[in-house]
Amino acid sequence: MAKITYIDHDGTERVVEAKNGETVMEAAVKNSIPGIDADCGGACACATCHVYVDQAFMDKVGEQEEMEKSMLDFAENVQENSRLSCQITVSDELDGLRVTTPESQH
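When we follow the working numbering, the leftmost residue of the sequence shown carries the number -1, and every step to the right adds one.
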C-alpha cells in the first residue's frame, strides 16, 4: 500500500491509500477524487487522467511510453512533469506520491 496525495488545481489535498498493482488513476476513481475523469477507463486512449507529478517522484514513476506521449498531445497545459495517471502503477516505492490535477481535463 502507498499513500498518495491528490492536489486539486486550487490547492485542496486529499490523501488516499492505494493498493500495489493498481494505477494512480484507479485509486483516484475508487476514492472519488475530483479532476480525474478517466473517460477511457485506463486504456491510455484519452488524456482525462492527466496529472502533474511532484518532482521528487519523477524518477520513481517510470518513463513515458510512446502511447502515453501521444495521448498527452491532447491534454491542456502539458508540463515537463505531466503524466497520465493510468500509466503509473502503484508500488511501495510510491508511498508519499503527490500529484496535482490540472484546472481542466478537456
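We put the beta carbon where it would ideally sit given N, CA and C, even for glycine.
Among residues of its own chain, excluding the 5 on either side of aspartate 37, which ones have a beta-carbon nearer than 6 angstroms to its beta-carbon?
Excluding sequence neighbours, aspartate 37 sits near Cys44 and Thr46.
Ordered list of beta strand (DSSP E) runs contained in the stretch 29 to 104, each at least 3 residues:
Within the stretch 29 to 104, the complete beta strand (DSSP E) runs of at least 3 residues are 48 to 51, 80 to 82 and 95 to 98.
Got a sec? Which residues, its chain only, sit under 6 angstroms from glutamate 101 by beta carbon, not counting five neighbours each side?
Sequence-distant Cβ neighbours of glutamate 101 in its own chain, meaning closer than 6 angstroms and more than five residues away, are His7.
Going by beta-carbon coordinates alone, are arginine 12 and isoleucine 34 separated by less than 7 angstroms?
Not closer than 7 angstroms, so no.
Taking the CB atoms as reference points, tell me whether isoleucine 88 and glutamate 15 lie closer together than 7 angstroms.
It is valine, not isoleucine, that sits at residue 88 in the sequence shown. Using a Cβ distance threshold of 7 angstroms, valine 88 and glutamate 15 do not count as a contacting pair.
Helix, strand or coil, according to DSSP, for glutamate 24 in the structure here?
For glutamate 24, the three-state secondary structure derived from DSSP is helix.
Identify which residue in Phe72, Gly94 and Asn79 has its Cα closest to the Cα of glutamine 103.
With distances taken between Cα atoms, glutamine 103 lies closest to Phe72.
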